[in-house]
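Read through the structure below, which is laid out as structure tokens, and then see the notes.
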Amino acid sequence: MAGRWKNDLTYNDVTPEAVFLNRRQLIAGAAAAGVAGTIASPAMAEELVPNSFEDITNYCNFYEFGTGKDDPARYASALTTQPWSIEIDGMVDNPGTYSFEQVMDGMTVEERIYRFRCVEAWSMVVPWNGFELADLLEKVGVQSGAKYVAFETAYRPDEMRGVAFPVLDWPYREGLRLDEAMHPLTMVATGLYGKPMPNQNGAPIRLVVPWKYGFKSIKSIVRITLTDEEPFASWNQANPREYGFYSNVNPNVDHPRWSQATERVIGGGLFAKRQPTLMFNGYEDEVASLYEGMDLTTFI
Ligand code: MTE
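Residues 0 to 299 (numbering that gives the first Met the number 0) are what the sequence shown spells out, left to right.
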């Protein structure tokens with residue numbers, strides 16, 4: 000496993016709110032890394048100004064509550080998030096049903112400001128709160144031979160009005176290769192802007208994989224399975240030509256129906272220019288080595 004994640008913000012982040020978050024994150028990041036300074040990634044430094052809480056919570060994708068961007072904000076309050084439990088099974092030393100509180104026990108919740116790039120060619124910057132997935136996987140003990148991690152969202156027809164429609168083969172499912180799952184950038188998020196995770200953003204617990212298209216970041220997780228086979232992934236299964244298992248952000252490979260070269264920044268206003276999409280969503284230095292020797296035009 001690579002070292003712990005390093006902060007990539009600088010004081011170029013200009014809004015007072017961003018500076019506030021930035022400072023807190025600098026302190027947390029430096030403390031976690033045991034170093035005084037931080038490593039900035041120049042390509043993205045001045046762009047990591049978080050979107051507003053309003054944008055992040057009102058422009059969502061959560062098809063279990065409808066396919067409109069405003070459907071999750073309107074209807075996800077129907078989801079009961081307390082109590083919540085997650086089944087962790089497959090190739091682990093300590094399989095079982097863990098309550099949300101048991102999952103959180105011993106985890107250090109940090110704030111991380113990540114770019115978030117949706118496959119639909121829009122993007123946001125979100126200040127997530129959460130911990131590294133690796134820390135949870137280490138807690139349950141991954142057995143040798145495990146190669147992938149599968150994730151599953153709750154399926155509750157009584158609470159999720161969108162699952163009445165066969166948009167996807169419910170429940171929503173996603174997967175990562177084990178090394179991707181163990182990467183220090185891969186986060187289990189339990190909140191944003193210092194507040195508990197809003198229902199529409201995947202309460203109470205979701206995945207955030209910042210170098211992959213947003214649909215890999217599965218919401219409202221109820222099951223995590225360690226396996227030695229490439230897991231079922233909902234979008235990949237629905238349309239393998241359009242959505243690969245890897246789905247790394249890649250401006251050089253267009254979606255069959257639209258370009259991935261640029262993105263619309265949510266909250267940028269009417270006259271905002273589209274911005275170029277960066278390889279691995281700007282996290283190339285951190286993650287490119289995971290895919291050495293793989294042709295990323297084939298393994299989409
Ligand atoms: N997880 C579930 N269970 N259902 C979904 O429809 N949508 C995905 C992902 N996780 C989705 C999901 C997509 S397409 C995106 S872009 C992100 O969630 C959106 O996250 P956000 O609404 O918090 O910005």
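By construction, the Cβ of each residue, glycine as well, lies at the ideal position given by its N, Cα and C atoms.
Tell me whether G174 counts as near ligand 1, meaning its Cβ is closer than 7 Å to at least one heavy atom of that ligand.
For ligand 1, not one heavy atom lies less than 7 Å from the Cβ of G174.
Unbroken stretches of the alpha helix (DSSP H), 4 residues or longer, contained in the region 51 to 104:
52 to 57, 70 to 74, 99 to 103
Just checking, does the region 117 to 125 make contact with the region 170 to 178 on the three C-beta pairs under 8 Å criterion?
no
With 16 other CB atoms within 10 Å as the buried threshold, where does A77 fall?
exposed
N60: CB within 7 Å of a non-hydrogen atom of ligand 1:
yes
Taking buried to mean at least 16 other C-beta atoms within 10 Å of its own C-beta, is P195 buried or exposed?
exposed
How about F214: is its Cβ closer than 7 Å to a heavy atom in ligand 1?
yes
Any heavy atom of ligand 1 closer than 7 Å to the Cβ of N235?
no
Alpha carbon of V278 to alpha carbon of M90, nearest angstrom
It should be pointed out that residue 278 corresponds to Met in this sequence rather than to Val. Roughly 32 Å between the two C-alpha positions.
Just tell me which of L295, Q101, E86, L175 has its CA closest to the CA of D227.
L175
contact_flag[the region 99 to 112, the region 155 to 166] where n(CB pairs < 8 Å) is 3 or more
no
Using a threshold of 7 Å, is the CB atom of Y74 nearer than that to any non-hydrogen atom of ligand 1?
no
Anticipated Cβ contact below 8 Å, I223 with V148, distance rounded
6 Å
Pull up the distance between the alpha-carbon of S216 and that of Y58, whole angstroms please.
Rounded to the nearest angstrom, the two C-alpha atoms are 15 Å apart.
Distance, Cα to Cα, D92 vs F99?
19 Å
3 or more residues per run - each beta strand (DSSP E) lying fully within the region 133 to 217
Counting whole runs of 3 or more residues, the region 133 to 217 contains the beta strand (DSSP E) stretches 147 to 152, 172 to 176, 186 to 191, 205 to 207.
Note down the Cα distance separating R205 from P183, rounded to an integer number of angstroms.
16 Å
With a 10 Å radius around its C-beta and 16 neighbouring C-beta atoms as the bar for buried, classify L269 as buried or exposed.
exposed
Buried or exposed, going by whether 16 or more other CB atoms sit within 10 Å of the CB of G129?
With 16 or more other Cβ atoms within 10 Å, it is buried.
Quick one: is Q81 buried, meaning 16 or more other Cβ sit within 10 Å of its Cβ, or exposed?
Here Q81 is exposed: its Cβ has fewer than 16 other Cβ atoms, across all protein chains shown, within 10 Å.
Close Cβ partners of Y242 (< 6 Å) along its chain, the five nearest in sequence each way excluded:
Correct list, in chain order: W234, N235.
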